[in-house]
Amino acid sequence: MWGNGLKWMFLIIGTMIGAGYASGRELWEFFGAESGLAIILFAILFIISVKVILNISYMNQSKHYLPVLQVLMGKRLSQMYDIMIIIYLFSTTVIMLAGGGATLEVIHIPYWLGTLIIGGLVVVLFLWDTKGMTSMNAFIIPILIVFLIAILVAFQYLKGFPIEFKIDAQHNWPSALTFTALNILPLIAVLGAIGHEIKHKGEMWIASLGSGIILGSISFLYNESLLQVASDIMLYEIPLFAILKHYPYFMMLIMSALLWLAIYTTAAAGVFGLLSRMRAWVKGPAWLIALFLIAIMAPLTTFGFSTLISILYPLYGVLNLFVLASILLYPIMNHKAL
Numbered sequence: 001m002w003g004n005g006l007k008w009m010f011l012i013i014g015t016m017i018g019a020g021y022a023s024g025r026e027l028w029e030f031f032g033a034e035s036g037l038a039i040i041l042f043a044i045l046f047i048i049s050v051k052v053i054l055n056i057s058y059m060n061q062s063k064h065y066l067p068v069l070q071v072l073m074g075k076r077l078s079q080m081y082d083i084m085i086i087i088y089l090f091s092t093t094v095i096m097l098a099g100g101g102a103t104l105e106v107i108h109i110p111y112w113l114g115t116l117i118i119g120g121l122v123v124v125l126f127l128w129d130t131k132g133m134t135s136m137n138a139f140i141i142p143i144l145i146v147f148l149i150a151i152l153v154a155f156q157y158l159k160g161f162p163i164e165f166k167i168d169a170q171h172n173w174p175s176a177l178t179f180t181a182l183n184i185l186p187l188i189a190v191l192g193a194i195g196h197e198i199k200h201k202g203e204m205w206i207a208s209l210g211s212g213i214i215l216g217s218i219s220f221l222y223n224e225s226l227l228q229v230a231s232d233i234m235l236y237e238i239p240l241f242a243i244l245k246h247y248p249y250f251m252m253l254i255m256s257a258l259l260w261l262a263i264y265t266t267a268a269a270g271v272f273g274l275l276s277r278m279r280a281w282v283k284g285p286a287w288l289i290a291l292f293l294i295a296i297m298a299p300l301t302t303f304g305f306s307t308l309i310s311i312l313y314p315l316y317g318v319l320n321l322f323v324l325a326s327i328l329l330y331p332i333m334n335h336k337a338l
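End of the sequence shown = 338 in this note's numbering, gap-free, step of one.
What follows is the structure, given as structure tokens:
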């Protein structure tokens, strides 16, 4: 139970911590000043949402996300959101590929070559079908979390821990709703594909509580650190580098590598969600379907990383609010949901 629960927890965190999140760009778009309460609310909403999605997926023994959507929204609306999830996963995976290219520019690898490298490695991962992805997350994500927390704590130490939480200065709390909503569709897509693999209900509690607490804690610490370098963020494609400029160059290289791995896990999660859905229509080995998807995505990365995030992420956050509302209402309408 604990082994599987932790495996699903790292899958969830790996889906979340990608180009937008690990780089700090996504957090800065939604949070910033007066956001302590917003991040706490996000953690609570995230835990509830993950638990509900996992429970529906488990009860339906689902192999892709459509059964979860149908339970939450009914057959008619689920058809519309089915198309929306496909578009969402496609476009956000393009963002991950773009983020992979932007990250490798630090070591003077051309942007176009960086996107080809990360795309090629995503395809290689699916030579082992879907088991390759869960194994990779269980290995990479704990390392990334430890390094990211260490960097942020050390940065706060250098600044004298100027963390503040003023209850009368929390006007940005509504961002918790849009930030949680933004991340709902990839969670449905990925967690809807593992329902048939969940063996025990305890796995779902470990995955939901663990991922919510870890992501909430990192988000709060990360946001407080970004506030300290707010004047420099506009100078960087990746806000994390505004923090890393206070460290020796080798630390920037290490975190660039870990950031790239986080982007890789989320790109793989996006392809995993698309692949699990496409298998209802297309037969063939997982790696071949993944290659087809990456080949279509690669040309779209030319729009640039920060441009894609600043336009698409807030738009998806608003559109997904209805899905979030359906998830939060589900336990009320169905008392056995949790």
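Cβ coordinates follow ideal geometry from the N, Cα and C atoms, glycine included.
> The alpha helix (DSSP H) with THR58 in it runs from where to where?
Replying inline: For this step, residue 58 is matched to residue 58 along the sequence shown. Before going on, a small fix: residue 58 reads as Tyr here, not Thr. Its alpha helix (DSSP H) spans residues 36 to 60.
>> With three or more beta-carbon pairs closer than 8 Å as the criterion, would you say the region 52 to 62 touches the region 315 to 335?
In response: Contact between the region 52 to 62 and the region 315 to 335 is present: 3 or more CB-CB pairs across the two stretches fall below 8 Å.
> How long is the line joining the alpha carbons of ILE39 and ASN60, rounded to whole angstroms?
Replying inline: The residue labelled residue 39 in the question sits at position 39 within the sequence shown. The residue labelled residue 60 in the question sits at position 60 within the sequence shown. For ILE39 and ASN60, the distance between alpha carbons rounds to 31 Å.
> Residues in its own chain within less than 6 Å of LEU37 by CB, not counting five upstream and five downstream?
Replying inline: As a working mapping, residue 37 is identified with position 37 in the sequence shown. When the five nearest sequence neighbours on each side are left out, the beta carbons in the same chain lying within less than 6 Å of the beta carbon of LEU37 are those of GLN170 and TRP173, in order along the chain.
> For PRO239, is the classification buried or exposed, using 16 other Cβ atoms within 10 angstroms of its Cβ as the cut-off for buried?
Replying inline: Position 239 of the sequence shown, counting from 1, holds the residue named residue 239. Looking at its Cβ environment, which holds 16 or more other Cβ atoms inside 10 Å, PRO239 is buried.
>> Short of 8 Å in beta carbon distance, which residues of its chain neighbour VAL153, apart from the five on each side in sequence? Order them along the chain.
In response: What you label residue 153 is simply residue 153 of the sequence shown in a count that begins at 1. Closer than 8 Å at Cβ, skipping near neighbours: LEU221.
> Since LEU258 contacts ILE143 with CB under 8 Å, what's their CB separation in whole angstroms?
Replying inline: Here residue 258 refers to the residue found at position 258 when the sequence shown is read from its first residue. Here residue 143 refers to the residue found at position 143 when the sequence shown is read from its first residue. With a Cβ gap of about 7 Å, LEU258 and ILE143 count as contacting.
>> Quick check: what's the CA-CA separation for TYR236 versus ARG25?
In response: Locating residue 236 in the sequence shown gives position 236, where the first residue counts as 1. Locating residue 25 in the sequence shown gives position 25, where the first residue counts as 1. A direct Cα-Cα distance of roughly 10 Å separates TYR236 from ARG25.
> Of the choices MET1, GLY14 and PHE31, whose alpha-carbon is the least far from that of SER175?
Replying inline: Translated into positions along the sequence shown, residue 175 becomes position 175. Cα-wise, what sits closest to SER175 is PHE31.
>> For LEU300 and SER231, I'd like the C-alpha separation in whole angstroms.
In response: Here residue 300 refers to the residue found at position 300 when the sequence shown is read from its first residue. Here residue 231 refers to the residue found at position 231 when the sequence shown is read from its first residue. One Cα belongs to LEU300, the other to SER231, and the distance between them is close to 31 Å.
> Between which two residues does the alpha helix (DSSP H) harbouring ASN223 extend?
Replying inline: The sequence position of residue 223 within the sequence shown is 223, counting from 1. Looking at the DSSP string, the run of the alpha helix (DSSP H) that includes ASN223 is 201 to 228.
> Hey, quick one: how far does the alpha helix (DSSP H) through PHE155 stretch, first residue to last?
Replying inline: Within the sequence shown, numbered from 1, the residue matching residue 155 stands at position 155. Segment 131 to 159, the alpha helix (DSSP H) holding PHE155.
> Does the distance from the CB of THR115 to the CB of GLY101 come in under 7 Å?
Replying inline: Indexing the sequence shown from 1 puts residue 115 at position 115. Indexing the sequence shown from 1 puts residue 101 at position 101. Yes, the pair counts as a contact, with Cβ atoms nearer than the cut-off.
> Taking C-alpha atoms, which residue in GLU197, ALA286 and ILE141 lies nearest to ILE214?
Replying inline: Residue 214 sits at position 214 when you count from the first residue of the sequence shown. Among GLU197, ALA286 and ILE141, the Cα nearest to that of ILE214 belongs to ILE141.
>> Give me the residue from SER211, PHE155, GLY284 and ILE184 with the minimum Cα distance to MET251.
In response: Here residue 251 corresponds to residue number 251 of the sequence shown, with the count starting at 1. Checked all of SER211, PHE155, GLY284 and ILE184; the closest Cα to MET251 is PHE155.
>> Cutting at 7 Å between CB atoms, please list the residues of its own chain near LEU125, excluding the five before and the five after it.
In response: Against the sequence shown, residue 125 aligns to sequence position 125. Same-chain partners within the cutoff: GLY132, MET133, MET136 and ALA268.
> Whose C-beta lies closer than 6 Å to the C-beta of LEU291 among residues of the same chain, with five residues either side of it excluded?
Replying inline: Counted from its first residue, the sequence shown places residue 291 at position 291. Closer than 6 Å at Cβ, skipping near neighbours: VAL123.
>> Could you compute how far the alpha carbon of MET73 sits from the alpha carbon of TYR21?
In response: Indexing the sequence shown from 1 puts residue 73 at position 73. Indexing the sequence shown from 1 puts residue 21 at position 21. One C-alpha to the other measures close to 28 Å.
> Are the beta-carbon atoms belonging to ASN223 and SER35 less than 7 Å from one another?
Replying inline: Taking the sequence shown and counting its residues from 1, one reaches residue 223 at position 223. Taking the sequence shown and counting its residues from 1, one reaches residue 35 at position 35. In terms of Cβ geometry, ASN223 and SER35 form a close pair [threshold 7 Å].
> Closest by CA to THR15, which one among LEU244, LYS201, VAL271 and PHE147?
Replying inline: As a working note, residue 15 is residue 15 in the sequence shown. Restricting attention to LEU244, LYS201, VAL271 and PHE147, the CA atom closest to the CA of THR15 is found in VAL271.
> ALA280: buried (16+ other C-beta within 10 angstroms of its C-beta) or exposed?
Replying inline: In the sequence shown, counting from the first residue as 1, residue 280 sits at position 280. Burial call: exposed.
> Hey, would you say GLY192 sits closer than 7 Å to SER57, going by beta carbons?
Replying inline: Stepping through the sequence shown from its first residue, residue 192 is reached at position 192. Stepping through the sequence shown from its first residue, residue 57 is reached at position 57. At a Cβ-Cβ threshold of 7 Å, GLY192 and SER57 count as neighbours.
> Cα-Cα, which of ILE95, ALA43, ALA242 and SER256 is closest to HIS108?
Replying inline: In the sequence shown, residue 108 corresponds to position 108, counting from 1. With distances taken between Cα atoms, HIS108 lies closest to SER256.
> Would you report the Cα separation of LEU244 and LEU227, rounded to the nearest angstrom?
Replying inline: Counting from one through the sequence shown, the residue named residue 244 turns up at place 244. Counting from one through the sequence shown, the residue named residue 227 turns up at place 227. Between LEU244 and LEU227, the alpha-carbon positions lie close to 14 Å from each other.
> When you compare each of VAL94, PHE147, LYS199 and PRO67 to TRP8 by their alpha carbons, which one comes out closest?
Replying inline: For this step, residue 8 is matched to residue 8 along the sequence shown. Measuring from the Cα of TRP8, the nearest candidate turns out to be LYS199.
> What number of angstroms, rounded off, separates the C-alpha of ILE118 from the C-alpha of SER49?
Replying inline: As a first step, residue 118 must be located in the sequence shown, where it is residue number 118. As a first step, residue 49 must be located in the sequence shown, where it is residue number 49. When rounded, the distance between both Cα atoms is 30 Å.
> When burial is assigned at 16 or more other CB atoms within 10 Å of the CB, is THR302 buried or exposed?
Replying inline: The sequence position of residue 302 within the sequence shown is 302, counting from 1. Exposed, because fewer than 16 other Cβ atoms sit within 10 Å of the Cβ of THR302.
> With C-beta atoms as the reference, is GLY3 less than 7 Å away from ILE206?
Replying inline: Numbered from 1 along the sequence shown, position 3 holds the residue referred to as residue 3. Numbered from 1 along the sequence shown, position 206 holds the residue referred to as residue 206. No; because the gap between Cβ atoms is not below 7 Å, this pair is not in contact.
>> Rounding to the nearest angstrom, what Cα-Cα distance links LEU113 and VAL71 in this structure?
In response: Locating residue 113 in the sequence shown gives position 113, counting from the first residue. Locating residue 71 in the sequence shown gives position 71, counting from the first residue. For LEU113 and VAL71, the distance between alpha carbons rounds to 42 Å.
>> Looking only at its chain, what residues have a beta carbon closer than 8 Å to the beta carbon of PHE376, apart from the 5 residues adjacent to it on each side?
In response: Residue 376 lies beyond the stretch modelled for the chain, which goes from 1 to 338, so this question has no answer here.
>> So for LEU235, helix, strand or coil by DSSP?
In response: Sequence index remark: in the sequence shown, residue 235 carries index 235 (1-based). Here LEU235 sits in coil by DSSP.
> With C-beta atoms as the reference, is LEU45 less than 7 Å away from THR178?
Replying inline: Working through the sequence shown from its first residue, we reach residue 45 at position 45. Working through the sequence shown from its first residue, we reach residue 178 at position 178. A distance of 7 Å or more separates the beta carbons of LEU45 and THR178.
> How close, in whole Å, do the beta carbons of ILE188 and LEU69 come, if the pair is a contact with beta carbons under 8 Å?
Replying inline: On the sequence shown, residue 188 is found 188 positions in, with the first residue counted as 1. On the sequence shown, residue 69 is found 69 positions in, with the first residue counted as 1. Contact between ILE188 and LEU69 holds: their C-beta atoms lie close to 7 Å from each other, under 8 Å.
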